[in-house]
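K.L.:
This structure is in structure tokens; I'll ask about it shortly.
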Amino acid sequence: RISSCDRIRKSEAPAAMLFALPLELPSPMVLQRLCLFVLLPLTGHVSGLDEQCKDPLFETHWYGKVGYATRLGGHIQEMNSIPTVKTGLTLCPQYNGKASCCSEEFEREQQIYYDYFRNDIFPSKLQRISVHEQSVRDVMNTAGYTAAMQVEREQLELALERFNPVLHPSVNGECFRTLLTYAAGMSCFACRSDWFAYVTQESGQVLRVHVHPSVCMELWSECEVFGEAAANLKQALLDSALAKQAKKQVEDLDMFEDQQSLCGWLHDSVSLHPFRKPTEAEREAARRGGGGGEEDEEEEMGRRLKQDRNETERRRLQQDEPQEGEVGEDGFAVHRGEIDVLLEGRLSAFDRSWQGAHSSAKPRSAHARLLARWAVFALACLAALPCSSSTSAGRLERGA
Numbered sequence: 531r532i533s534s535c536d537r538i539r540k541s542e543a544p545a546a547m548l549f550a551l552p553l554e555l556p557s558p559m560v561l562q563r564l565c566l567f568v569l570l571p572l573t574g575h576v577s578g579l580d581e582q583c584k585d586p587l588f589e590t591h592w593y594g595k596v597g598y599a600t601r602l603g604g605h606i607q608e609m610n611s612i613p614t615v616k617t618g619l620t621l622c623p624q625y626n627g628k629a630s631c632c633s634e635e636f637e638r639e640q641q642i643y644y645d646y647f648r649n650d651i652f653p654s655k656l657q658r659i660s661v662h663e664q665s666v667r668d669v670m671n672t673a674g675y676t677a678a679m680q681v682e683r684e685q686l687e688l689a690l691e692r693f694n695p696v697l698h699p700s701v702n703g704e705c706f707r708t709l710l711t712y713a714a715g716m717s718c719f720a721c722r723s724d725w726f727a728y729v730t731q732e733s734g735q736v737l738r739v740h741v742h743p744s745v746c747m748e749l750w751s752e753c754e755v756f757g758e759a760a761a762n763l764k765q766a767l768l769d770s771a772l773a774k775q776a777k778k779q780v781e782d783l784d785m786f787e788d789q790q791s792l793c794g795w796l797h798d799s800v801s802l803h804p805f806r807k808p809t810e811a812e813r814e815a816a817r818r819g820g821g822g823g824e825e826d827e828e829e830e831m832g833r834r835l836k837q838d839r840n841e842t843e844r845r846r847l848q849q850d851e852p853q854e855g856e857v858g859e860d861g862f863a864v865h866r867g868e869i870d871v872l873l874e875g876r877l878s879a880f881d882r883s884w885q886g887a888h889s890s891a892k893p894r895s896a897h898a899r900l901l902a903r904w905a906v907f908a909l910a911c912l913a914a915l916p917c918s919s920s921t922s923a924g925r926l927e928r929g930a
């Protein structure tokens, strides 16, 4: 078979026919490979942009989540599909004018989950302490208390006094306001399109959020007084045999024991679960003043993911990001993949005021406590008088 090129080369056709001859197209397989070669780089850029608003910590609110459009009870508000510039953000205004994953509609979800921490999760802990205090106080109405020795009664009274500073707003207020600031900062963390630079992931799950060490130091600075009061309460309850007869369970306050325990507890319960709902026990404790003591086992531990507590080497920001200690475009101090959660919380507009929970009994002043002890001593003396008088009378009679 003689090709067109051969015919032209042999002058079987005029030179003008060269421009009229059809060009030979590649085979379909070759065309498919060429298209893939051209389009794959473009799809890679689109996919990378799409992943910027796919933080696993907020997976339930990803854009286009399968099945959520027909969810019973209404459609939840989603994050942006890709980083988008907004100017009307009110809860996290530090992201206005910048490409972020938050929108005015998504702020409704941020408010809902933040309110869970402010109204249910954190207050329930103090409310359960108050319920336990009343349970310890009820021991004074038992036969065991009537038959107890004086030293055992004094130990019970000391344990009851130790509840007062733990439940008083002047002691717990600053600490729990800081906890709320932490929760607000993690809620605003949803807006960040560079979230992957601040976390350690494995198999699509976030194992650790890299919080700057200054956050832990500030947390402990605000909670140290409350932690000391909690430690004193724990020791007083351990020392009192009568206090152990209380029917309600002792609230766990070991997370306020030191800086490391507090920071670890907040990381596991807030950083890894910024959009978690309170348990039924937490709702009841916060809103009805009790009922959560027996169900503590169902709370935090049942809702946590398995976490590897051994921190891996933190991810480095790209070289065009600001250097250590400089302030980035978003107004945050850059610490190479470590985020200042408290700073984000302070820049937010969430209501961080703290009401707290109050003791079931008003704190007694030192003067009132002294009068109470003198009253106990006087009653003891009066109880001993009849016996002493009869003994003296017997001696007088024998002498006569």
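In short: position in the sequence shown from 1, add 530, done, that's the numbering used here. All residues carry an ideal CB built from backbone N, CA and C; glycine is no exception. Predicted model only: the values in this text are computed from it and were never measured.
If you follow the beta strand (DSSP E) that Val736 is in, where does it begin and where does it stop?
P.N.:
Looking at the DSSP string, the run of the beta strand (DSSP E) that includes Val736 is 735-739.
K.L.:
Is DSSP giving Thr730 helix, strand or coil here?
P.N.:
In this structure, Thr730 counts as strand in the three-state DSSP scheme.
K.L.:
Drop a sphere of 10 angstroms on the beta-carbon of Ala713, count the other beta-carbons inside from all chains shown, and report buried for 16 or more, exposed for fewer.
P.N.:
It is buried - the Cβ of Ala713 has at least 16 other Cβ atoms within 10 Å.
K.L.:
If I measure Cβ to Cβ from Cys721 and keep anything under 6 Å in the same chain, skipping five residues before and after, which residues do I get?
P.N.:
Closer than 6 Å at the Cβ level, and outside the excluded window around Cys721, lie Cys622, Tyr625, Ser630, Cys631, Cys632.
K.L.:
Within the same chain, show all residues whose beta-carbon is closer than 8 Å to that of Lys584, passing over the 5 residues directly before and after it, in chain order.
P.N.:
Once the five neighbours on either side are set aside, the close Cβ partners of Lys584 are Trp592.
K.L.:
Nearest-angstrom Cα distance between Val953 and Gly715?
P.N.:
Outside the shown range of the chain, which is 531 to 930, sits residue 953, and nothing can be said about it.
K.L.:
Is Thr708 buried or exposed, if buried means 16 or more other CB atoms sit within 10 Å of its CB?
P.N.:
By the 10 Å Cβ count, Thr708 comes out buried.
K.L.:
Put Thr711 into one of helix, strand or coil per three-state DSSP.
P.N.:
Note: Thr711 maps to helix in three-state DSSP.
K.L.:
Quick check on this structure: which residue in Gln775, Asp870, Leu796, Thr614 has the alpha carbon closest to the alpha carbon of Leu686?
P.N.:
The residue with the shortest Cα to Cα distance from Leu686 is Gln775.
K.L.:
Does the contact criterion of 3 or more C-beta pairs under 8 Å hold for the region 631-646 versus the region 666-676?
P.N.:
No, because fewer than three Cβ pairs between the region 631-646 and the region 666-676 fall closer than 8 Å, the two stretches do not touch.
K.L.:
List in chain order: all unbroken alpha helix (DSSP H) runs of 4+ residues lying wholly within the region 619-648.
P.N.:
If we require 4 residues or more, the alpha helix (DSSP H) runs fully inside the region 619-648 come out as 637-646.
K.L.:
Starting from Thr617 and walking both ways along the alpha helix (DSSP H), at which residues does that stretch end?
P.N.:
Taken as a continuous stretch (DSSP letters only), Thr617 belongs to no alpha helix (DSSP H), as it is neither H nor E.
K.L.:
Out of curiosity, what's the CA-to-CA distance linking Gly618 and Lys628?
P.N.:
Using only the alpha carbons, I get a separation of about 11 Å.
K.L.:
Answer with buried or exposed for Gly734, where buried requires no fewer than 16 other C-beta atoms within 10 angstroms of its C-beta.
P.N.:
Counting Cβ neighbours within 10 Å, Gly734 comes out exposed, since fewer than 16 surround it.
K.L.:
Is the Cβ-Cβ distance between Phe805 and Ser717 less than 9 Å?
P.N.:
Yes, the Cβ-Cβ distance between Phe805 and Ser717 is below 9 Å.
K.L.:
Is Arg648 near Ala815, with beta carbons less than 9 Å apart?
P.N.:
Not a contact, by the Cβ cut-off of 9 Å.
K.L.:
Return helix, strand or coil for Ile606, following the three-state DSSP convention.
P.N.:
The answer is coil: DSSP assigns Ile606 none of H, G, I, E or B.
K.L.:
In terms of residues, what are the limits of the alpha helix (DSSP H) holding Thr676?
P.N.:
Thr676 -> alpha helix (DSSP H) spans 673-676.
K.L.:
If contact is defined by three or more beta carbon pairs under 8 Å, each pair taking one atom from either stretch, is the region 734-754 in contact with the region 764-778?
P.N.:
Flag = no, the region 764-778 and the region 734-754 do not touch.
K.L.:
Throw me the rounded Cβ distance for the Gly875 and Thr711 pair, which I believe falls under 8 Å.
P.N.:
The pair is a contact, with the Cβ atoms about 4 Å apart (cut-off 8 Å).
K.L.:
If you measure between the beta carbons of Asp784 and Trp750, is that distance less than 9 Å?
P.N.:
Contact flag unset, no.
K.L.:
Measuring CA to CA, which of Ile651, Thr590, His662 is closest to Glu781?
P.N.:
Nearest of Ile651, Thr590, His662 to Glu781, Cα basis: His662.
K.L.:
What is the residue span of the alpha helix (DSSP H) that Trp795 lies within?
P.N.:
Run containing Trp795: 789-796, per the alpha helix (DSSP H) assignment.
K.L.:
Measuring CB to CB, does Ala766 end up less than 9 Å from Leu688?
P.N.:
Cβ atoms of Ala766 and Leu688: closer than 9 Å.
K.L.:
His740 to Cys705, Cα distance in whole Å?
P.N.:
Answer to the nearest angstrom: the Cα atoms are 22 Å apart.
K.L.:
As an exercise, report each continuous alpha helix (DSSP H) stretch of at least 4 residues that is fully enclosed by the region 676-707, in chain order.
P.N.:
The region 676-707 contains these whole alpha helix (DSSP H) runs: 680-697.
K.L.:
Have a look at Gly757, His698, Val729 and flag the residue whose alpha-carbon is nearest the alpha-carbon of Val871.
P.N.:
For the residues Gly757, His698, Val729, the minimum Cα distance to Val871 belongs to Val729.
K.L.:
If you draw a straight line from the C-alpha of Glu736 to the C-alpha of Ser801, how long is it?
P.N.:
For the sequence presented, residue 736 should be read as Val rather than Glu. Near 10 Å, if we compare the C-alpha coordinates of Ser801 and Val736.
K.L.:
Measuring straight from C-alpha to C-alpha, what distance separates Phe693 and Lys764?
P.N.:
Answer to the nearest angstrom: the Cα atoms are 10 Å apart.
K.L.:
Just to confirm my understanding: we take Glu608, look at its own chain, exclude 5 residues before and 5 after, and list those with CB closer than 6 Å. What are they?
P.N.:
Closer than 6 Å at Cβ, skipping near neighbours: His591, Tyr593.
K.L.:
Can you tell me where the alpha helix (DSSP H) holding Pro653 begins and where it ends?
P.N.:
652-668 is the extent of the alpha helix (DSSP H) around Pro653.
K.L.:
Would Asp650 be called buried (16 or more neighbouring beta carbons within 10 Å of its own) or exposed?
P.N.:
Under this definition Asp650 is a buried residue.
K.L.:
Would Leu587 and His803 be called neighbours here (beta carbons separated by less than 9 Å)?
P.N.:
The answer is yes: Cβ separation under 9 Å.
K.L.:
Alpha carbon to alpha carbon, how far is Thr842 from Glu752?
P.N.:
With a pLDDT of 33 at Thr842, under the threshold of 50, the modelled position of that residue is not reliable, and the figure given next carries that caveat. Approximately 28 Å, taken between the alpha carbons.
K.L.:
Evaluate Ser799 with the Cβ neighbour count: other Cβ atoms within 10 Å of its Cβ, from every protein chain shown; 16 or more gives buried, anything less gives exposed.
P.N.:
Ser799 is buried by the Cβ-count criterion.
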